[in-house]
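Engineer: Count along the sequence shown starting at 1, add 803, and that's the number in the working numbering.
Quick one: the structure is below, questions incoming.
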Amino acid sequence: MDVDFSTALRSAIRRSGLSLDDIARRLRDHGTPMSVSSLSNWQTGENLPERPTSMAALQHLERLLELSPGTMAQMLPPRRPRGRWRPRSVTSSRLERTWNTPVTLTRMLAKLDAVPDDLSRPSKISQHASYQIDAQGQQRSVRVRRTMLADRDNTTRLLYATRYLTLPQLPIISHVEGCSLGRFRADAVASTCLFEFVFDRPLARGELAMVEFTVQLPPGQRDTKVTLRPGPVSRELAIHVEFHPDLVPARCFGYHQATLTAPVHVIDDRHGPEIGPGFQLVQLDPPPGIVGVRWEWAKSASCV
């Protein structure tokens, strides 16, 4: 088949305009209860309906989504005697290659009625991230600016996921433009945060929009690298790291990695006075994977 079950289900749910909470409530009213987490797993392919109770819920789900009877059921693969069927979408596999805690992030996305594919929607045409480093070598804030292209009508939000070195307290959104802060999820164990930003107005398919927001980071962010992950249609990517004048690194370089375990390809390597008060990495048509900036402090630096 051209479209697998999970992909078709995600598309049908988006077209319906129903949230997973709405669907779970209506299935419960029909006498075929199915939890939000189970519905989310169907969308991601983590689990698929096999048991009689699940198949009964699927029949009602087809009606809720205004699909012909059997439309979704016929997309299910043959039932296996053991294990679970685990198809991987392009975004899911990319998440595993470029994210340290993909399982945790997938679970957090489900709590916002989202799946890994939603991290790439709307399409990120341009990404800018500007970091401030203080005199103790800690990352204090990041200003993010994105230009995005809606791939469907009634696009209302973007999702921003980030993983910190430590999470002693929650980050703070101090500035927004073109959007407002919606829901938020955090996992203290994985030091991961997921933000939902709601556009000032819904976007039509093919419409461009620009948003900007600033995140005040939790204390203790002494990591010596920052990264961005280009989207499938990214045309421009820029990272700016501004250092405190009292603490400038001995070395700073841009880099690209195809995956977390792939070799590091150095793009721009500067030392000492070449660095100046800040370092910029700008790329047009960036390759997929991880694009970042790293720096090294002098051994005599107080933060080492």
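Every residue, glycine too, gets a C-beta built ideally from N, C-alpha and C.
Since the structure is predicted, the reported quantities are computational estimates derived from the model, not experimental observations.
1. If L968 and S933 are in contact, beta carbons under 8 Å, what's the gap, nearest whole angstrom?
2. By Cβ distance below 7 Å, which residues in the same chain neighbour R866 in space, the five residues on each side in sequence not counted?
3. Rounded to whole angstroms, how far is the Cβ of F1046 from the Cβ of P1080, which I believe are closer than 8 Å?
4. Cα separation between P890 and Q972?
5. What does the alpha-carbon distance come out to for the pair Q1086 and E1039?
6. Could you check whether R955 and R817 sit closer than 8 Å to each other, using their CB atoms as the reference points?
7. Beta carbon of R960, beta carbon of F1002: below 8 Å?
8. CB-CB under 8 Å to E1099, same chain, minus the five flanking residues each way: which ones, in chain order?
9. Assuming the contact rule is C-beta atoms closer than 8 Å, V1014 and E980 should be a hit. Round their C-beta distance to whole Å, please.
10. Cutting at 6 Å between CB atoms, please list the residues of its own chain near T835, excluding the five before and the five after it.
11. If you draw a straight line from the C-alpha of T958 to the C-alpha of R828, how long is it?
12. Would L1020 and R948 qualify as a contact pair, given that the criterion is a beta-carbon distance under 8 Å?
Structural biologist: The short version:
1. Position 165 of the sequence shown holds residue 968. Position 130 of the sequence shown holds residue 933. Cβ atoms of L968 and S933 stay farther apart than 8 Å, at about 19 Å.
2. The residue given as residue 866 occupies position 63 in the sequence shown. Answer for R866: no residue qualifies.
3. On the sequence shown, residue 1046 is found 243 positions in, with the first residue counted as 1. On the sequence shown, residue 1080 is found 277 positions in, with the first residue counted as 1. At roughly 6 Å, the Cβ-Cβ gap stays under 8 Å, so F1046 and P1080 are in contact.
4. Taking the first residue of the sequence shown as 1, we reach residue 890 at position 87. Taking the first residue of the sequence shown as 1, we reach residue 972 at position 169. Annotation note: pLDDT 47 at P890 (below 50); position unreliable, no value reported.
5. As a working mapping, residue 1086 is identified with position 283 in the sequence shown. As a working mapping, residue 1039 is identified with position 236 in the sequence shown. Q1086 and E1039: Cα-Cα distance of roughly 6 Å.
6. Here residue 817 corresponds to residue number 14 of the sequence shown, with the count starting at 1. Here residue 955 corresponds to residue number 152 of the sequence shown, with the count starting at 1. Yes, they are a contact pair.
7. Position 157 of the sequence shown, counted from the start, is the residue given in the question as residue 960. Position 199 of the sequence shown, counted from the start, is the residue given in the question as residue 1002. Cβ atoms of R960 and F1002: closer than 8 Å.
8. Position 296 of the sequence shown holds residue 1099. The residues are T1027, P1052, A1053, R1054 and C1055.
9. For the purposes of this step, residue 1014 is taken as the residue at position 211 of the sequence shown. For the purposes of this step, residue 980 is taken as the residue at position 177 of the sequence shown. The pair is a contact, with the Cβ atoms about 6 Å apart (cut-off 8 Å).
10. Translated into positions along the sequence shown, residue 835 becomes position 32. Cβ within range, chain order: A859, A860 and H863.
11. Within the sequence shown, residue 958 is the residue found at index 155, counting from 1. Within the sequence shown, residue 828 is the residue found at index 25, counting from 1. The alpha-carbon separation between T958 and R828 amounts to approximately 24 Å.
12. For the purposes of this step, residue 1020 is taken as the residue at position 217 of the sequence shown. For the purposes of this step, residue 948 is taken as the residue at position 145 of the sequence shown. Cβ atoms of L1020 and R948: not closer than 8 Å.
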